[in-house]
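There are 4 protein chains.
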Amino acid sequence: MGQKNRIDLNSDVGESFGNYKLGLDEEVIPLITSANIACGFHAGDPGVMEKTIALAKKHGVAPGAHPGFPDLMGFGRRNIDATFEEIKGYVAYQVGALHAFAAMEGLRLQHVKPHGALYNMAFKNFGIWEAVAEVISRLGQNLILVAMAGPGRERLEAVGSKYGVRIAYEFFADRAYNRDGSLVSRREPGAIIHDRDKAAERVLKLIREGKVVAIDGTEIPLSADTICVHGDNPAAVMLTKKLRETLAGAGIEVAPMGNFL
Amino acid sequence: MGQKNRIDLNSDVGESFGNYKLGLDEEVIPLITSANIACGFHAGDPGVMEKTIALAKKHGVAPGAHPGFPDLMGFGRRNIDATFEEIKGYVAYQVGALHAFAAMEGLRLQHVKPHGALYNMAFKNFGIWEAVAEVISRLGQNLILVAMAGPGRERLEAVGSKYGVRIAYEFFADRAYNRDGSLVSRREPGAIIHDRDKAAERVLKLIREGKVVAIDGTEIPLSADTICVHGDNPAAVMLTKKLRETLAGAGIEVAPMGNFL
Amino acid sequence: MGQKNRIDLNSDVGESFGNYKLGLDEEVIPLITSANIACGFHAGDPGVMEKTIALAKKHGVAPGAHPGFPDLMGFGRRNIDATFEEIKGYVAYQVGALHAFAAMEGLRLQHVKPHGALYNMAFKNFGIWEAVAEVISRLGQNLILVAMAGPGRERLEAVGSKYGVRIAYEFFADRAYNRDGSLVSRREPGAIIHDRDKAAERVLKLIREGKVVAIDGTEIPLSADTICVHGDNPAAVMLTKKLRETLAGAGIEVAPMGNFL
Amino acid sequence: MGQKNRIDLNSDVGESFGNYKLGLDEEVIPLITSANIACGFHAGDPGVMEKTIALAKKHGVAPGAHPGFPDLMGFGRRNIDATFEEIKGYVAYQVGALHAFAAMEGLRLQHVKPHGALYNMAFKNFGIWEAVAEVISRLGQNLILVAMAGPGRERLEAVGSKYGVRIAYEFFADRAYNRDGSLVSRREPGAIIHDRDKAAERVLKLIREGKVVAIDGTEIPLSADTICVHGDNPAAVMLTKKLRETLAGAGIEVAPMGNFL
């Protein structure tokens, strides 16, 4: 968990659907290095996937799948009591669908990051991480699994080892952390860091020192391979720009996680 | 269009969805050599796709994609006024999704056969064949495109040449043909051949002589690489069994189209 | 909870979808008095709803709504972490949609019975019963809410009183009961009663004596307004026929719950 | 087709879905008198329908159903080759669903206006108008059917008479008209009128004189009961405001179509 001189920036993109536009993809994709692309279950559709892959290609951004529950109405944010078998099927289906659009542009997928409720449920039920890792392993494309840096790391490492899957850990630039390395709930005061300078400083400290200041003021060790940023509103894009500037000024290379993991 | 000594048998399978069962897949898959597997738009779901791929693997049947319109309520049988761009996206998405399930079982997809309204519309609007061929070409997996033997063959050949895509032509064992090589409409008397012996004889004549007797009694030249059979009812399965016996008795090899195309 | 001389028989019907057929509606609807009709979220579609309402009308069966979660792939059987507001919207939407088909045939809806996961979740989270009762109350059609007879009755009565909604309690003819009036889990041995004579006897005892013999042999008091029967397989239809005969032989009137509640 | 002193203003609203927001409903609903509310097939969902009904109630706007094809991905704008029976089912289902949300707020629906491809197809295939009118007639709620003022009026009148359904004719404030009363195709230059003053003047002339100046400069007779305005962008809202001011300045009453039809 020591010093690094490079980092990845990932963001959820391709979340539009049909006539519905969501997110500032054109603005955020040029700023990131890894794109988590929705695959048509909770967001995204074939046309949106095609356009998002094209945008990623244009800006040299590594594409990855962002599979979610089949719940467009709930944007994949509601827990669904699906079996591991069902989850494996959902992940395989979505990764495969996105893979086709990448292949048509001569690209390969780099990673898989579960979306919304699927991501959150996985931290309470590691069988979901196993399910996703098993799919990645069986797909045989050497995809990286993206998960949150924090308390569950040892168990995630074990899942990665069991299935021979690389795991990238992500840090949230605009979120406060508890002393145990978990995220402060959005319902708590101070959970979101709105100050761009402060957020950029935190990322810098994380990369340089492998540390983050928790909400209680204590300094905790934390290591991450990629920083999760957002593109769903202008302020989020501004934060991402600020991050890029700060990282450039500090001589830290920004590159797709697959380049160094 | 001369004599052959081998043929493929294809059937639409994997059309169940969730709690809904459709088709006698367990019975028909052991009898065929190429499986057209629904991909979740007009029928099929991730769990069904996984099971169907497993069944195909077990019986040495070559899996292929059977993409359709996103119209589960209409089973993909209703014309939808989609653009070529939309159709390309739908086909890529579905082929990619099925590819994942095949890859997880160590299989590769062999072919793509458009389903229902998409298939029928394509014969009236060859831009659809171009769209599907372009997707196949860009996917780079050397997939075979399955289309109906009959009047449009020259134009299909041109599409295949343009995109570097192999085309397999299919013959319908239980359907009567017009003098121009097109299918007799289901609304016409005699359109469906219910007599299993007669249907098997027609297939044999097609393979051996490259000829079929049209509904008006004339003998017309027709060549096909694969015979389309059905598994949606017991009589259809019986016909397929009869076909297998007839072909075996005649010393005609039955093999996946990819083995000889 | 004393003796009665009439009872309602309800069954889940209208669960087909598009090209998919599910359930022996033509056989079971003539045998029941109240039909729980799927409304297009977990099963059913507009065409199926229209046909099912017509069948109910033909046989003098009172139609009711069987709303479920928007989860066709999971047949509404998976818990979805929806808010009460979302659930109210789902129930209102589905009841309204079915109401239209009833109105077009000159019928009024009689009842609402939540389906699958929505029904099961409600017994663990009575806020769901409140949500459904509130919708019924606000719809102003005096619909009956159908719920399971058993341990939660007092709380259900309170919900009914609060919203001015009549509640019908249902008994499962083919299920064993625990001593506390709850259903024996399907995972336990003896949970399902396959013996038609025994099942019919239990229903008779319930109606005449307000009692049921629990799985541990004790006799417990239980009162119900309607018996839930099934039409998804021939054996279930046979049981329903047997029930009708037994009830007729015992001089017990079979009538829609709305006639006597 | 003479002078009138009142008019209705209608707009398509409630087109958001889940996490996706579409249209400036909060801004346009206060300016109109009749709201065409999406019903969940091509746009809208239960939560959106509830909120839109509440907005309509708050501003004294008469709610109506805006049913479309089951094609969320295509926003109901693609022709689907559905049968009249299927269309009847789709319309009944959606009108019923919206009716429930209106009933819960103590409102009644005023009208039905087919959306997108369903609306456009109906002018080429009057069997669709018959289908919609039949549903309205059988629903027995005396709903008004909204259709375009122009060439098909006599046939629409005949449909209305046959089914006992009132028809409201709508005029498009921002669209140029051909000499025969049809809309100039959006692909033609001059099809859209961007000048707000000019658009308002046209509406005034229509109401006062029953006339409109066609794109070729000729004055043609045209009569309408309601003006279709838009709320999908700020300019459209500005036009609607301008219209309201112009109508107020001219002493023309603006009221829901149901008040005077």
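Protein chains in written order, with the numbering used here: chain A, 1 to 261; chain B, 1001 to 1261; chain C, 2001 to 2261; chain D, 3001 to 3261. Beta carbons are placed, not taken as given, at the ideal position from N, Cα and C, and that holds for glycine. No experiment lies behind these values; they were computed from the predicted model shown.
Chain order gives the chain A residues near C/ASN2079 as ASN79, ILE80, ASP81, where near means a beta carbon separation below 9 Å. At a cut-off of 8 Å, the C-beta of B/MET1073 has a neighbouring C-beta in chain D. Not a single CB atom of chain A sits nearer than 8 Å to the CB of C/PRO2063. A distance below 6 Å between beta-carbons, with the five flanking residues on each side excluded, links D/ASP3232 to the following residues of its chain, in chain order: GLY3023. With the rule of 3 Cβ pairs closer than 8 Å, the region 1216-1233 of chain B does not count as touching the region 237-250 of chain A. Here C/MET2238 is exposed. Its C-beta has fewer than 16 other C-beta atoms within 10 Å. In this structure, DSSP gives B/MET1148 an extended state, which the three-state scheme calls strand. In the three-state reduction of the DSSP assignment, A/HIS194 falls in the coil class.
Residue state for C/ASP2174 is assigned as coil, using DSSP reduced to three classes. For D/VAL3135, the CB contacts under 6 Å within the same chain, skipping 5 residues up- and downstream, are LYS3088, VAL3091, ALA3092 in chain order. Here the region 2016-2035 of chain C makes no contact with the region 3003-3012 of chain D; the two share fewer than three CB pairs at distances below 8 Å.
Straight across, the Cα-Cα distance linking D/GLY3152 with D/PHE3123 is about 7 Å.
For D/PRO3070, the nearest beta carbon of chain B is closer than 8 Å to its own beta carbon.
Residue contact with chain A for D/PHE3017: present (Cβ-Cβ distance below 8 Å to some residue of chain A). Of the residues D/LYS3113, D/ASP3045, D/THR3083, the one whose Cα lies closest to the Cα of D/ALA3062 is D/LYS3113. Contacts between A/TYR93 and chain B, judged by CB atoms closer than 8 Å, involve GLY1040, PRO1046, MET1049, ALA1097, ALA1100, PHE1101 in chain order.
In the DSSP assignment, B/LEU1009 falls within the unbroken beta strand (DSSP E) covering 1006-1013. Against chain D, the CB of A/LEU22 has a partner CB under 8 Å away; the residue lies at that interface. Counted as a single uninterrupted DSSP element, the beta strand (DSSP E) harbouring C/PRO2063 occupies residues 2062-2066. A distance below 6 Å between beta-carbons, with the five flanking residues on each side excluded, links B/ALA1038 to the following residues of its chain, in chain order: GLY1014, GLU1015, GLY1044, HIS1066. For the pair of segments examined, the region 3161-3180 of chain D was found to touch the region 3138-3147 of chain D: the number of CB pairs separated by less than 8 Å reaches three. Chain-ordered, the chain D residues with CB closer than 7 Å to the CB of C/GLY2140 read ALA3103. Annotation: D/GLN3094 to B/ASP1012 spans about 33 Å, alpha carbon to alpha carbon.
The bridge partners DSSP lists for B/ASN1036 are B/ASP1012, B/GLY1064. Under DSSP, C/ALA2168 takes part in a beta bridge, and its partners are C/VAL2146. Going by beta carbons, C/VAL2213 and C/LEU2243 fall outside the 8 Å limit.
Taking 8 Å as the threshold, the shortest C-beta distance from A/GLY164 to chain B does not fall below it.
Here A/LYS57 is actually not in contact with A/GLU27; their C-beta atoms are around 17 Å apart, not less than 8 Å. By the C-beta density criterion, C/PRO2046 is buried, having at least 16 other C-beta atoms within 10 angstroms. Secondary structure at D/PHE3017: strand, using DSSP grouped into helix, strand and coil.
Under the DSSP assignment, C/VAL2184 falls outside any alpha helix (DSSP H); it carries neither an H nor an E label. Proximity to A/LEU109 across A/ILE128, A/MET49, A/ALA200 peaks at A/MET49, based on C-alpha coordinates. The beta carbons of B/GLY1116 and B/PHE1075 sit closer together than 8 Å. The straight-line gap separating the alpha-carbon atoms of A/GLU86 and B/PHE1171 is approximately 37 Å. DSSP, read as helix, strand or coil, puts B/PRO1221 in strand.
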